[in-house]
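For our numbering, count along the sequence shown from 1 and bump the result up by 41.
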Amino acid sequence: MDDDLKIRLAAFDWLSKQASIFDEVLPRDVLQSGFIYAGKRIAVISPQGIFKPKEMQFPLSITTSPESPYEDSYEEGLLVYRYRGTDPEHRDNAGLREVYRRKLPIIYFKGIVPGKYMAIWPVFIIGDHPEDLSFRMVVDDIAEFHKVKELSSAISDTDIGRRTYITATVKVRVHQRGFREKVLDAYQSQCSLCRIRHRELLDAAQIIPDEHPEGEPKITNGIALCKIHHAAFDNMFIGINPDYKIMVRKDILEEEDGPMLLHVLKEFHDKSIILPPKIIHWPNKDCLNWKYKQFAEQK
Ligand SMILES: [Zn+2]
Numbered sequence: 042m043d044d045d046l047k048i049r050l051a052a053f054d055w056l057s058k059q060a061s062i063f064d065e066v067l068p069r070d071v072l073q074s075g076f077i078y079a080g081k082r083i084a085v086i087s088p089q090g091i092f093k094p095k096e097m098q099f100p101l102s103i104t105t106s107p108e109s110p111y112e113d114s115y116e117e118g119l120l121v122y123r124y125r126g127t128d129p130e131h132r133d134n135a136g137l138r139e140v141y142r143r144k145l146p147i148i149y150f151k152g153i154v155p156g157k158y159m160a161i162w163p164v165f166i167i168g169d170h171p172e173d174l175s176f177r178m179v180v181d182d183i184a185e186f187h188k189v190k191e192l193s194s195a196i197s198d199t200d201i202g203r204r205t206y207i208t209a210t211v212k213v214r215v216h217q218r219g220f221r222e223k224v225l226d227a228y229q230s231q232c233s234l235c236r237i238r239h240r241e242l243l244d245a246a247q248i249i250p251d252e253h254p255e256g257e258p259k260i261t262n263g264i265a266l267c268k269i270h271h272a273a274f275d276n277m278f279i280g281i282n283p284d285y286k287i288m289v290r291k292d293i294l295e296e297e298d299g300p301m302l303l304h305v306l307k308e309f310h311d312k313s314i315i316l317p318p319k320i321i322h323w324p325n326k327d328c329l330n331w332k333y334k335q336f337a338e339q340k
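What follows is the structure, encoded as structure tokens:
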């Protein structure tokens, strides 16, 4: 195995540890300081989109910033990555083309919110499109990649189904994590009912669900709620009306069951939720109205 591939695989191992430490959303400084390999510190990300550490022969990673105009970089189930600039022969683009030719796996860092990235790997380039200045890519299962001894056999037609499926699930996961990070940041990491401030206990509740045509995963269709208030909201124990007031369902209000029920649910009746500091992040009133109607109409 050549050094380039050894470092590449060491980077994957290191990343999988970091992903579990940081629950999949990695801070930029961790990626920038990187890992130690053969006594040298190797970064895995750089300010440029396409990154080749100097210890390696070919690019190791590509990055999309959270401010990227190409937010939805998927086309017909494939990941799309734009060239650097408009010159197909730019050094970085040529490097990535070599990665494609050699069927090398790379890492795709997808910016979620400023300074935070999701790492997707192993990603394989499966198409070069100079006509629209982009590469097409798929994600694969790391276990499958390790099973393959000979790199040349890493890509075969029989792998296409698996890769298409994995790429699709990664797309969903990236959207969900992006939604969560944005909503929790907007609410300064606190439950909008009980103010609990531990991110591990918080969810980004989606007001209009994904299945609905208007159920987009954007901040104004979300509310930061702790696990219990999320479940209470989804199961319509509580409703939040378009004036941001919490309404507790009548039978729950009438239920007598000690201090937990009182403090966890009943006491919030007719109180306002805690809104994000920025008005542009407040829940959309139409979204709240859509959900509140269901709450009010339930038996
Ligand atoms: Zn709560």
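Just so you know, even glycine gets a beta-carbon here, dropped at the ideal spot from N, CA and C.
Problem - Simplified DSSP assignment, three categories, for threonine 208 - result: Position 167 of the sequence shown, counted from the start, is the residue given in the question as residue 208. Reduced to three states, the DSSP call for threonine 208 is helix.
Handout entry: Short Cβ contact (8 Å threshold) for lysine 319 with alanine 227
Key = Within the sequence shown, numbered from 1, the residue matching residue 319 stands at position 278. Within the sequence shown, numbered from 1, the residue matching residue 227 stands at position 186. With respect to the 8 Å criterion, lysine 319 and alanine 227 are classified as neighbours on the basis of their beta carbons.
Handout entry: Alpha-carbon to alpha-carbon, glutamate 185 and methionine 42
Key = Taking the first residue of the sequence shown as 1, we reach residue 42 at position 1. Taking the first residue of the sequence shown as 1, we reach residue 185 at position 144. Roughly 18 Å separates the two Cα atoms.
Practice task
State yes or no: is the C-beta of valine 287 nearer than 7 Å to some heavy atom of ligand 1?
Solution key: For the purposes of this step, residue 287 is identified with residue 246 of the sequence shown, where counting begins at 1. Note that residue 287 is isoleucine in the sequence shown, not valine. A distance criterion of 7 Å places the beta-carbon of isoleucine 287 beyond contact range of ligand 1, judged by its closest non-hydrogen atom.
Problem - Residue range of the beta strand (DSSP E) that includes cysteine 267 - result: For the purposes of this step, residue 267 is taken as residue 226 along the sequence shown, with counting starting at 1. Looking at the DSSP string, the run of the beta strand (DSSP E) that includes cysteine 267 is 263 to 267.
Exercise for the section: Could you name each continuous beta strand (DSSP E) segment of 3 residues or more that falls completely within the stretch 272 to 307, going from the start of the chain to the end? Expected result: For the stretch 272 to 307, the full-length beta strand (DSSP E) segments reaching 3 residues or more read 279 to 281 and 287 to 289 along the chain.
Handout entry: Per-residue burial, leucine 234 [other beta carbons within 10 Å of its own, 16 or more giving buried]
Key = Locating residue 234 in the sequence shown gives position 193, counting from the first residue. The residue in question, leucine 234, is buried, as its Cβ has 16 or more Cβ neighbours within 10 Å.
Exercise for the section: Check whether the Cβ of histidine 239 sits closer than 7 Å to any heavy atom of ligand 1, and report yes or no. Expected result: The residue labelled residue 239 in the question sits at position 198 within the sequence shown. No, ligand 1 has no heavy atom inside 7 Å of this Cβ.
Exercise for the section: Check glutamine 339 in the structure and name its three-state DSSP category. Expected result: Position 298 of the sequence shown, counted from the start, is the residue given in the question as residue 339. Correct three-state label for glutamine 339: coil.
Handout entry: Per-residue DSSP class, three states only, for alanine 79
Key = Here residue 79 corresponds to residue number 38 of the sequence shown, with the count starting at 1. Coil.
Exercise for the section: Please report the residue range of the alpha helix (DSSP H) in which tryptophan 55 lies. Expected result: For the purposes of this step, residue 55 is taken as the residue at position 14 of the sequence shown. That run of the alpha helix (DSSP H) goes 44 to 62.
Practice task
Specify the secondary structure class of phenylalanine 220 as computed by DSSP and reduced to three states.
Solution key: What you label residue 220 is simply residue 179 of the sequence shown in a count that begins at 1. Three-state result, phenylalanine 220: helix.
Exercise for the section: With valine 140 as the anchor, note down where its alpha helix (DSSP H) starts and where it stops. Expected result: As a first step, residue 140 must be located in the sequence shown, where it is residue number 99. From DSSP, the alpha helix (DSSP H) with valine 140 extends over 132 to 142.
Problem - Buried versus exposed, by CB contacts within 10 Å (16 or more), alanine 337 - result: In the sequence shown, residue 337 corresponds to position 296, counting from 1. Result: exposed.
Problem - Check whether isoleucine 279 and leucine 303 have beta carbons under 8 Å apart - result: Within the sequence shown, residue 279 is the residue found at index 238, counting from 1. Within the sequence shown, residue 303 is the residue found at index 262, counting from 1. Result no, Cβ atoms of isoleucine 279 and leucine 303 do not sit closer than 8 Å.
Practice task
Would you decide whether threonine 210 is buried or exposed? Buried here means 16 or more other CB atoms lie within 10 Å of its CB.
Solution key: Residue numbering aside, residue 210 sits at position 169 when the sequence shown is read from its first letter. Under this definition threonine 210 is an exposed residue.
Problem - Nonlocal neighbours in the same chain, by C-beta distance under 8 Å from tryptophan 323, ignoring five residues either side - result: Within the sequence shown, the letter at position 282 stands for residue 323. Only residues of its own chain outside the window of five on either side were considered, and among them Thr261, Tyr285, Leu316 and Pro317 have a CB closer than 8 Å to the CB of tryptophan 323, listed in chain order.
Exercise for the section: Please report the Cβ distance between phenylalanine 309 and glycine 263, rounded to the nearest whole angstrom; I am assuming they are in contact, meaning their Cβ atoms lie under 8 Å. Expected result: For the purposes of this step, residue 309 is taken as residue 268 along the sequence shown, with counting starting at 1. For the purposes of this step, residue 263 is taken as residue 222 along the sequence shown, with counting starting at 1. The C-beta distance from phenylalanine 309 to glycine 263 rounds to 19 Å, too long to meet the 8 Å contact threshold.
Handout entry: histidine 270: CB within 7 Å of a non-hydrogen atom of ligand 1
Key = Along the sequence shown, one-based indexing puts residue 270 at 229. Because some heavy atom of ligand 1 lies under 7 Å away, the Cβ of histidine 270 counts as near it: yes.
Practice task
Give a yes or no on whether 8 Å exceeds the smallest Cβ distance from lysine 212 to chain B.
Solution key: The chain labelled as chain B is not found in the depicted structure, where only one protein chain is given.
Practice task
Could you check how far apart the C-beta atoms of isoleucine 148 and alanine 52 are, in whole angstroms? I think they sit under 8 Å.
Solution key: By 1-based counting over the sequence shown, the position of residue 148 is 107. By 1-based counting over the sequence shown, the position of residue 52 is 11. That belief holds up - the Cβ atoms of isoleucine 148 and alanine 52 are roughly 7 Å apart, short of 8 Å.
Problem - Contact between the stretch 232 to 246 and the stretch 268 to 277 (3+ Cβ pairs under 8 Å) - result: The stretch 268 to 277 and the stretch 232 to 246 touch, with three or more beta-carbon pairs separated by less than 8 Å.
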